[in-house]
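Each remark here refers to the structure printed beneath this line.
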Amino acid sequence: MSTATSIYQGGSAATRLAQRTLRFPLVRIILAMVFFMVPFLLIQAGATHFFEVKLYSRLGQLFGALMGCLSYAFYVTRIERRAVSELGLKGALGEYGAGFVLGGLMVCVSVASIAALGGMRALSLAPGGIIVLPLLMHITVGLIEEMMLRGIFFRVVQESLGSWLALLASGLVFGAMHLVNDNLSVLGIANIAAAGAFFAAAFLLTGRLWLCAALHAGWNFVQDGVFSLAVSGHKVKEGLLTTELSGPDWLTGGAFGIEGSAVDLVWVLLATAAMVMLARRRGRIVQPAWRRGRG
Numbered sequence: 107m108s109t110a111t112s113i114y115q116g117g118s119a120a121t122r123l124a125q126r127t128l129r130f131p132l133v134r135i136i137l138a139m140v141f142f143m144v145p146f147l148l149i150q151a152g153a154t155h156f157f158e159v160k161l162y163s164r165l166g167q168l169f170g171a172l173m174g175c176l177s178y179a180f181y182v183t184r185i186e187r188r189a190v191s192e193l194g195l196k197g198a199l200g201e202y203g204a205g206f207v208l209g210g211l212m213v214c215v216s217v218a219s220i221a222a223l224g225g226m227r228a229l230s231l232a233p234g235g236i237i238v239l240p241l242l243m244h245i246t247v248g249l250i251e252e253m254m255l256r257g258i259f260f261r262v263v264q265e266s267l268g269s270w271l272a273l274l275a276s277g278l279v280f281g282a283m284h285l286v287n288d289n290l291s292v293l294g295i296a297n298i299a300a301a302g303a304f305f306a307a308a309f310l311l312t313g314r315l316w317l318c319a320a321l322h323a324g325w326n327f328v329q330d331g332v333f334s335l336a337v338s339g340h341k342v343k344e345g346l347l348t349t350e351l352s353g354p355d356w357l358t359g360g361a362f363g364i365e366g367s368a369v370d371l372v373w374v375l376l377a378t379a380a381m382v383m384l385a386r387r388r389g390r391i392v393q394p395a396w397r398r399g400r401g
């Protein structure tokens with residue numbers, strides 16, 4: 107049974123009006139976001155207030171994100187009345203691990219390409235670099251942003267407008283979310299939008315949160331946790347390696363980080379195309395609702 111037909115059926119005129127309202131895509135997106143974000147924000151505020159040790163605060167934020175997922179699952183089962191397939195746990199650990207490694211490898215490929223063109227060099231190992239805190243942060247951020255933008259926004263838009271428009275919308279919204287970032291450039295916003303489409307393609311391929319959330323986390327973590335690079339314009343603590351960028355901003359990304367590099371943009375677009383082709387081969391492409399209706 108499709109989501110559109112599984113939300114409360116039958117009952118009085120008032121109930122039927124509520125049914126129609128709950129089927130409206132924007133209402134579904136807002137409700138799902140509220141159920142997911144409110145527990146996270148409350149727990150995050152508590153963790154930040156009560157824990158002076160940053161490790162405990164980061165763990166509290168991750169716990170808040172997981173509680174948000176449970177709250178979202180409650181919304182889906184009780185209001186949308188369907189299985190929470192996007193949070194299915196079978197094989198989730200392996201899927202997450204593979205996604206984290208792939209996301210990190212993509213950064214390594216971009217870094218190696220920029221370095222080969224003379225835009226970057228590693229200076230030294232940084233044994234005092236902080237690894238655990240950025241790791242926890244990026245796992246949490248990846249989970250939150252992918253739940254909001256792929257698990258909720260992309261999935262609902264895809265049901266109405268189909269996969270192609272949902273991929274486009276997901277990339278554009280992801281790019282728009284980063285418009286306030288420091289040191290943003292035209293290449294930077296293009297890279298972020300392409301990354302949004304890439305993560306959406308990963309969700310399209312699996313229909314679950316774990317691969318795209320792990321790709322996002324691994325991508326961000328290796329940038330700062332390993333190469334000590336700015337992530338989307340945000341400079342964080344020193345990672346395992348100290349690196350130096352040199353050359354034009356179109357090559358290195360400048361102060362925005364490698365996500366502002368034309369080289370990185372090429373790799374992200376190629377990875378997105380490969381992910382979409384794989385999803386299409388597996389029959390994962392969804393047609394718009396008006397075309398499905400004709401069938």
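If you number the sequence shown the way this note's numbering does, the last residue is 401 and the count never jumps. Even for Gly, the Cβ is constructed at its ideal location relative to N, Cα and C.
For residue i and residue j, what's the separation of their Cα atoms in angstroms?
{"i": "LEU375", "j": "TYR178", "result": "31 Å"}
{"i": "ILE298", "j": "VAL372", "result": "12 Å"}
{"i": "LEU315", "j": "ALA222", "result": "34 Å"}
{"i": "THR358", "j": "PRO394", "result": "39 Å"}
{"i": "PHE180", "j": "ASP288", "result": "37 Å"}
{"i": "LEU249", "j": "ALA171", "result": "7 Å"}
{"i": "ILE295", "j": "VAL263", "result": "22 Å"}
{"i": "ILE364", "j": "LEU290", "result": "12 Å"}
{"i": "THR348", "j": "SER266", "result": "47 Å"}
{"i": "LEU229", "j": "ASP330", "result": "15 Å"}
{"i": "ALA119", "j": "VAL190", "result": "28 Å"}
{"i": "GLU130", "j": "TRP396", "result": "According to the sequence provided, residue 130 is Phe. The question's Glu does not apply to it. Going by the C-alpha atoms only, they are around 15 Å apart."}
{"i": "LEU137", "j": "LEU123", "result": "16 Å"}
{"i": "TRP356", "j": "ARG398", "result": "43 Å"}
{"i": "THR109", "j": "PHE260", "result": "Because the pLDDT at THR109 is just 47, under 50, the model does not fix this residue reliably, and the value given afterwards should be weighed accordingly. Rounded to the nearest angstrom, the two C-alpha atoms are 14 Å apart."}
I'd like the list of long-range same chain contacts for residue i, defined as Cβ closer than 6 Å, with 5 residues on each side in sequence excluded.
{"i": "MET107", "result": "Residue placement at MET107 is poorly supported in this model, since its pLDDT is 41, which falls under 50; the coordinates still yield a value, given next. So no residue of the chain qualifies."}
{"i": "LEU273", "result": "ALA303 and ALA306"}
{"i": "PHE146", "result": "GLY170, ALA171 and GLY174"}
With burial defined as no fewer than 16 other Cβ atoms inside 10 Å of the residue's Cβ, what is the status of residue i: buried or exposed?
{"i": "CYS175", "result": "buried"}
{"i": "ALA308", "result": "buried"}
{"i": "TRP325", "result": "buried"}
{"i": "THR312", "result": "buried"}
{"i": "ILE220", "result": "buried"}
{"i": "HIS155", "result": "exposed"}
{"i": "ALA301", "result": "buried"}
{"i": "ALA282", "result": "exposed"}
{"i": "GLY197", "result": "exposed"}
{"i": "GLY401", "result": "At GLY401 the pLDDT is 49, less than 50, meaning the model places this residue with poor confidence and gives no usable figure here."}
{"i": "LEU278", "result": "exposed"}
{"i": "GLY366", "result": "buried"}
Quick one: residues in its chain with C-beta nearer than 8 Å to the C-beta of residue i, no 5 flanking neighbours on either side, listed in chain order?
{"i": "THR127", "result": "VAL133"}
{"i": "PHE305", "result": "GLU252, LEU255, ARG256, SER276, PHE280, CYS318, LEU321 and HIS322"}
{"i": "ARG388", "result": "LEU311"}
{"i": "MET381", "result": "PHE304, ALA307, ALA308, LEU310 and LEU311"}
{"i": "MET139", "result": "MET254 and ILE258"}
Thinking C-beta only, is residue j closer than 8 Å to residue i?
{"i": "LEU317", "j": "GLY205", "result": "yes"}
{"i": "LEU346", "j": "VAL332", "result": "yes"}
{"i": "MET226", "j": "VAL217", "result": "yes"}
{"i": "GLY210", "j": "PHE327", "result": "yes"}
{"i": "GLY353", "j": "GLY224", "result": "yes"}
{"i": "ILE135", "j": "ILE245", "result": "no"}
{"i": "LEU293", "j": "ALA368", "result": "yes"}
{"i": "MET212", "j": "ALA379", "result": "no"}
Grab me the residues of residue i's own chain with a C-beta within less than 7 Å of its C-beta, minus the 5 sequence neighbours each way, in chain order.
{"i": "PHE157", "result": "SER163 and GLY166"}
{"i": "SER269", "result": "LEU310, ILE391 and VAL392"}
{"i": "LYS160", "result": "LEU239"}
Are there any heavy atoms of the ligand ADP lying less than 7 Å away from the beta-carbon of residue i, as far as the coordinates show?
{"i": "GLY366", "result": "This structure lacks the ligand ADP; in fact it carries no ligand of any kind."}
Compare the C-beta of residue i with all C-beta atoms of chain D and state if any pair is closer than 8 Å.
{"i": "GLU265", "result": "In the displayed structure, chain D is absent; only one protein chain is listed."}
* Asked: Should the region 327–341 be regarded as contacting the region 236–246, the criterion being three or more beta carbon pairs within less than 8 Å?
  -> yes
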